[in-house]
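Notes to accompany the following structure.
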Amino acid sequence: MEKPVPRPNADSAPFWEGCAAHEFRFQRCRDCGKAQFYPRAVCSHCQGRDLEWLVSAGKGAVYSVTTVYRGPSAAFKDVTPYQVALVDMDEGFRFMANVRGGEAEIGTRVRVIYEERGDQTIPQVEIGG
Amino acid sequence: MKKAVITGAYSTRVGDLQGATCMSLHTEAGLGALADAGLAVADVDGLLCAYSFTEPHLMLASVFAEYIGMQPAYASAVSMGGVTACMLVMQAAALVEAGYCRHVLVVTGDNRLSGMRGNAVQALAEVGNQQYEQPYGMTIPAAYALVAQRYMSEFGVTSEQLAAIAVTHREHAALNPKAHMKSPITVDDVMNSRFIATPLHLLDCCLISDGGAAVVVSAADAAADLRRPGVHVLGTGQGHTHEYIVAAPSLTDFGCKRSAADALGRAGLKPADIDVVEIYDSFTITLLAELESMGFFQRGEAGVAAAAGELKIGGKLPCNTHGGLLSYGHSGAAGGMFHVVEAVEQLRGDAVGRQVEGAELALVHGDGGILSAHCSVVLGRA
Ligand SMILES: [Zn+2]
Chain A
1 MEKPVPRPNA
11 DSAPFWEGCA
21 AHEFRFQRCR
31 DCGKAQFYPR
41 AVCSHCQGRD
51 LEWLVSAGKG
61 AVYSVTTVYR
71 GPSAAFKDVT
81 PYQVALVDMD
91 EGFRFMANVR
101 GGEAEIGTRV
111 RVIYEERGDQ
121 TIPQVEIGG
Chain B
1001 MKKAVITGAY
1011 STRVGDLQGA
1021 TCMSLHTEAG
1031 LGALADAGLA
1041 VADVDGLLCA
1051 YSFTEPHLML
1061 ASVFAEYIGM
1071 QPAYASAVSM
1081 GGVTACMLVM
1091 QAAALVEAGY
1101 CRHVLVVTGD
1111 NRLSGMRGNA
1121 VQALAEVGNQ
1131 QYEQPYGMTI
1141 PAAYALVAQR
1151 YMSEFGVTSE
1161 QLAAIAVTHR
1171 EHAALNPKAH
1181 MKSPITVDDV
1191 MNSRFIATPL
1201 HLLDCCLISD
1211 GGAAVVVSAA
1221 DAAADLRRPG
1231 VHVLGTGQGH
1241 THEYIVAAPS
1251 LTDFGCKRSA
1261 ADALGRAGLK
1271 PADIDVVEIY
1281 DSFTITLLAE
1291 LESMGFFQRG
1301 EAGVAAAAGE
1311 LKIGGKLPCN
1321 THGGLLSYGH
1331 SGAAGGMFHV
1341 VEAVEQLRGD
1351 AVGRQVEGAE
1361 LALVHGDGGI
1371 LSAHCSVVLG
1381 RA
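Here is the structure:
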């Protein structure tokens, strides 16, 4: 069984199209100025609808991280142990990724890289930056 | 307004129950709770159910009503993960207090161990966000591990303190003949059990069990002449902050803060008034974070208290006296209902071999998702 491939919808299509071009796109609200992730049709801070897409510099720090020894499916059991991290990006939003190029801990600086997964490209992070 | 009363409670056997089905467990639990109350199916005018993994259906309350031959005046099914049992008790209390129902049967159960052939972990992982979590191999234990790592780094919680929570639960389960896992464990056993997702070891994680549990919630005037002394629903509350861990506003403070404050406030009580707590313990960190977020302990002190034995029966704040999800059993929505049934037994003085002496006030708490949705219920002895 393969690892899950994200299924874009109308909210997220610009994000996944960005990933295919190795560009990490995120939304910022023109009403309150706050960044949000994951992409939505509304600002979750102020319920404004006027959202713009920006491109992240792709750099951030690990907010929390765990090393997974029991994967959810055969595809992940084949690659254990692996790290799952919550990453706080410098532009003020958070996303989840696996850690490449070493072991991260809380506070570790990371940068976004891209991996092919089925017909999609998914963002990951590697140590450094 | 006269407060609602729990007039019947029952939990089935738990464990690997070959031959059980989701509906047979609902039946055993529901009829057990009705018999405890001295009521018949025909006396029930409200039916509340949860959800099932082995018999997934959009309308589980209708499925169960048909299965058992009940035609209630009010029926609903709620699907909110581990918080569902407490939410159903809150909803049932609201229904009887508003006069819509006299006796509401609240039923949960699932054969999650024998009926899923080992696929429960994978099925649970699919509650993660399909686009932003599942591609990274996030599991439910991994999501709670992210909370634990952050909690350890901010408040100095140790793996030994988390292990002490697991040990206390096993000690309580050993006093309870119905519990799924009764063999004694030590802090070293927990620390030496294999990692599931760091820092959580296998013995920091709850069980997967077959089982069912039910309660009857009655209007105050309808409860008066029933066979058992009622347990009063003194206050209830909820709190909701997120669904996916990737979008949680905090990894150390959760909706339980609001749910407990509302429930205790509506009961006119404070945390120090409570004699026994039955709090959702899907993982050791779940319980620790909730005890502190709800105000039973200061930040960084619940782990110290657990290691000092303060959560044991006979300790300062007896917690999960039946053994909890960690050692009594976890059967989907029934996992949370086991906590409710245990609180009722403690307040009636029926918890033979594990009774908290003089228990008059209990707080029951459930959480669903990744500490996402919370409901607290304050119960009082009649
Ligand atoms: Zn906004």
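Here the protein sequences come in this chain order: A and B. For the first sequence, position 30 matches number 30 in the working numbering, and the numbering has no gaps at all. For the working numbering, count along the second sequence from 1 and bump the result up by 1000. Glycine is no exception: its CB is placed at the ideal position from the N, C-alpha and C atoms.
{"query": "Spatial distance of residue 132/A from residue 52/A (CA atoms)", "result": "Residue 132/A lies beyond the residue range present for chain A, which begins at 1 and ends at 129; the question has no answer from this structure."}
{"query": "Residue from 1050/B, 1316/B, 1377/B and 1330/B whose Cα sits closest to the Cα of residue 1238/B", "result": "1377/B"}
{"query": "Terminal residues of the beta strand (DSSP E) in which residue 1254/B lies", "result": "First-last for residue 1254/B: undefined, no H or E at that position."}
{"query": "Supposed contact pair residue 88/A and residue 63/A - C-beta distance, whole angstroms, cut 8 Å", "result": "5 Å"}
{"query": "Residue 11/A CB to nearest heavy atom of ligand 1 below 7 Å", "result": "no"}
{"query": "CB contact below 8 Å: residue 68/A versus chain B", "result": "yes"}
{"query": "Residue 1082/B to residue 1332/B span [Cα, whole Å]", "result": "7 Å"}
{"query": "Supposed contact pair residue 1127/B and residue 1106/B - C-beta distance, whole angstroms, cut 8 Å", "result": "At roughly 23 Å, the Cβ-Cβ gap does not stay under 8 Å, so residue 1106/B and residue 1127/B are not in contact."}
{"query": "Per-residue DSSP class, three states only, for residue 93/A", "result": "coil"}
{"query": "The region 1019-1027 of chain B touching the region 1041-1058 of chain B, judged by at least three CB pairs closer than 8 Å", "result": "yes"}
{"query": "Stretch-stretch touch, CB-based, cutoff 8 Å, three pairs: the region 1156-1171 of chain B with the region 1316-1332 of chain B", "result": "yes"}
{"query": "Near ligand 1: residue 31/A beta-carbon under 7 Å from a heavy atom", "result": "yes"}
{"query": "Inter-residue CB distance, residue 56/A and residue 24/A (contact presumed, cutoff 8 Å)", "result": "4 Å"}
{"query": "Residues that DSSP places opposite residue 1381/B in a beta bridge", "result": "1231/B"}
{"query": "Spatial neighbours of residue 1231/B in its chain, beta-carbon cut-off 6 Å, leaving aside the 5 residues before and after", "result": "1006, 1344, 1347 and 1379"}
{"query": "Proximity test, residue 92/A beta-carbon vs ligand 3 heavy atom, cut-off 7 Å", "result": "Judged by which ligands are present, ligand 3 is missing from the structure shown, whose ligands are ligand 1."}
{"query": "Proximity test, Cβ basis, 8 Å: residue 14/A and chain B", "result": "no"}
{"query": "Contact under 8 Å by Cβ, residue 1030/B with residue 1228/B", "result": "no"}
{"query": "Test: residue 97/A CB closer than 8 Å to a CB of chain B", "result": "yes"}
{"query": "Beta-carbon proximity of residue 83/A to residue 99/A, cut-off 8 Å", "result": "yes"}
{"query": "For residue 1149/B, the residue or residues it bridges with in DSSP", "result": "Bridge partners of residue 1149/B: none, in fact."}
{"query": "Nearest candidate by alpha-carbon position, reference residue 1057/B, set 1244/B, 1045/B and 1078/B", "result": "1078/B"}
{"query": "Residues from the region 26-49 of chain A in contact with chain B, defined by Cβ distance under 7 Å", "result": "38"}
{"query": "Within chain B, partners of residue 125/A - CB distance below 8 Å", "result": "Within chain B, no residue comes near residue 125/A; the closest Cβ sits about 10 Å away, beyond 8 Å."}
{"query": "Cβ of residue 64/A within 8 Å of any chain B Cβ", "result": "yes"}
{"query": "Three-state class that DSSP yields for residue 59/A in the structure shown", "result": "strand"}
{"query": "Residue 45/A: CB within 7 Å of a non-hydrogen atom of ligand 1", "result": "yes"}
{"query": "Residue-chain proximity (residue 56/A, chain B), Cβ-Cβ < 8 Å", "result": "no"}
{"query": "Cβ neighbours of residue 1246/B in the same chain (closer than 7 Å, five flanking residues each side left out)", "result": "1129, 1132 and 1133"}
{"query": "Cβ neighbours of residue 1197/B in the same chain (closer than 7 Å, five flanking residues each side left out)", "result": "1139, 1141, 1142 and 1145"}
{"query": "Within the region 1168-1205 of chain B, ranges of the beta strand (DSSP E) (whole runs, at least 3 residues)", "result": "1195-1197"}
{"query": "First and last residue of the uninterrupted beta strand (DSSP E) at residue 1046/B", "result": "1046-1049"}
{"query": "Range of the contiguous alpha helix (DSSP H) that encloses residue 1084/B", "result": "1084-1097"}
{"query": "Whole-angstrom distance between residue 1147/B and residue 1249/B, CA atom to CA atom", "result": "12 Å"}
{"query": "Classification of residue 1278/B by the beta-carbon crowding that lies within 10 angstroms, buried from 16 upward", "result": "buried"}
{"query": "Same chain only: Cβ atoms within 8 Å of residue 1022/B, ignoring 5 sequence neighbours per side", "result": "1052, 1054, 1055, 1109, 1110, 1111 and 1115"}
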